[in-house]
Amino acid sequence: MSITIEKTAKTVDEAIDKALSELNVSMDEADVEILETGSKGIFGLGGKDAKVRVTVKGKEEPLSFAVADQRKETESVPAPVKKAAVPTDDGEVEKIALNFLQGIFDYLKVTPDIAIERKEESLWLTMTGANLGVIIGRRGETLDSLQYLTNLVVNRKVAEKQRIILDVEGYRKTREETLRDLAEKMAGKALKMNGPLRLEPMNPHERRIIHMTLQGDERVETYSEGEEPFRRVVIKKKRHFQDK
């Protein structure tokens, strides 16, 4: 039977090293699953340690907790349930989105300034102001949920499908840079393993960033497994590198 332990540390590397040291095995003898990447918190508060689960490999290939699904990642915007005869122009879309968001802001007792910009096929609403950490939430989960609901409300009232992106103080860009760094770092870890390295569960948009970051890397391959909201990216050394 395989031996599995979980370890926490300030970084993923430290947590993995602690687990491998305790198990007295090398990276290529273990199966690593990243449960939490850890964070420095929002606006310097609420930091959290990284957490990993490491399993010593037996002679048989361990089963993954779910069937791998290599379908293409897309960030889905909900299909309109009922469309009214409203002209689809940015002014109307902004009005619907802002009217919905105002109710949320009143409830949270925040008064952000909102800059609105059309970027390619998406309408970005970027919020700035005081005490907006509550809108971001843990790893952006609150912001993602609010974005989903805003898209749902808007697309029920307009004739053409819209894609609304909500951002707070440049959080989206910072998070994307963090995920790209994570992807490259974990690819290096995966190269030292004989099996897959599983990242923590992410939303479709974040999983796509990981896939896109590593799609040109000839050493590793990526795919997703599991069901929402626990679907995650798996990074694995390509076969021709395994044979070397």
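Just so we're aligned, residue 1259 is where the sequence shown starts under the numbering used here, counting upward by one.
In this text, a Cβ means the ideal position worked out from N, Cα and C, and glycines have one as well.
Bear in mind that the values here come from a model prediction, so they are computed numbers and not experimental data.
Whose C-alpha, out of the options, is nearest the C-alpha of residue i?
i: Ala-1530; options: Ile-1292, Gly-1361, Thr-1266; result: Since the displayed the chain opens at 1259 and closes at 1502, residue 1530 lies outside it and no answer follows.
i: Val-1314; options: Gly-1296, Val-1283, Val-1492; result: Val-1283
i: Asn-1461; options: Arg-1489, Glu-1272, Lys-1268; result: Arg-1489
i: Val-1270; options: Gly-1296, Leu-1404, Arg-1497, Ser-1279; result: Gly-1296
i: Glu-1434; options: Lys-1353, Arg-1397, Ala-1267; result: Arg-1397
i: Tyr-1448; options: Asp-1348, Glu-1479, Thr-1432; result: Per the sequence shown, residue 1448 should be read as Ala rather than Tyr. Selected option, being the one with the closest Cα: Glu-1479.
i: Pro-1487; options: Tyr-1365, Leu-1356, Glu-1458, Val-1290; result: Glu-1458
i: Phe-1363; options: Arg-1497, Glu-1399, Glu-1272, Gly-1391; result: Gly-1391
i: Gly-1355; options: Thr-1471, Ala-1388, Arg-1414, Leu-1366; result: Per the sequence shown, the amino acid found at residue 1355 is Ala instead of Gly. When each option's Cα is compared against that of Ala-1355, the closest is Arg-1414.
i: Gly-1395; options: Arg-1430, Asp-1371, Gln-1420; result: Arg-1430
i: Thr-1262; options: Ser-1279, Lys-1268, Gly-1428; result: Ser-1279
i: Lys-1306; options: Leu-1281, Lys-1268, Ala-1288; result: Lys-1268
What are the boundary residues of the beta strand (DSSP E) that residue i is part of?
i: Ala-1308; result: 1308-1314
i: Asp-1289; result: 1288-1294
i: Lys-1496; result: Careful: Lys-1496 lies outside any beta strand (DSSP E) and carries neither H nor E.
Using the DSSP secondary-structure output, state which residues sit across from residue i in a beta bridge.
i: Thr-1384; result: Ala-1373, Asp-1425
i: Thr-1262; result: Thr-1313
i: Ala-1267; result: Ala-1308
i: Leu-1490; result: In the sequence on display, residue 1490 carries Arg and not Leu. BP columns for Arg-1490 point to Glu-1483.
Where do the ends of the alpha helix (DSSP H) carrying residue i lie?
i: Asn-1282; result: Run containing Asn-1282: none; DSSP gives neither H nor E here.
i: Phe-1358; result: 1348-1366
i: Gly-1391; result: 1391-1394
At a threshold of 6 Å, does residue i count as lining the ligand HEM (C-beta to nearest heavy atom)?
i: His-1463; result: Questions concerning the ligand HEM fall outside what the structure shown contains, since it holds no ligand whatsoever.
Can we say the stretch 1438-1458 touches the stretch 1405-1412, given the rule of at least three CB pairs closer than 8 Å? Flag = no, the stretch 1438-1458 and the stretch 1405-1412 do not touch.
Completely contained alpha helix (DSSP H) runs for the stretch 1400-1482, where each covers 4 or more residues: 1429-1449, 1462-1472
Taking one C-beta from the stretch 1483-1498 and one from the stretch 1306-1315 each time, how about it: are there three or more such pairs within less than 8 Å? Result no; under three Cβ-Cβ pairs closer than 8 Å.
For the 8 Å Cβ check, are there 3 or more pairs between the stretch 1378-1391 and the stretch 1413-1433? yes
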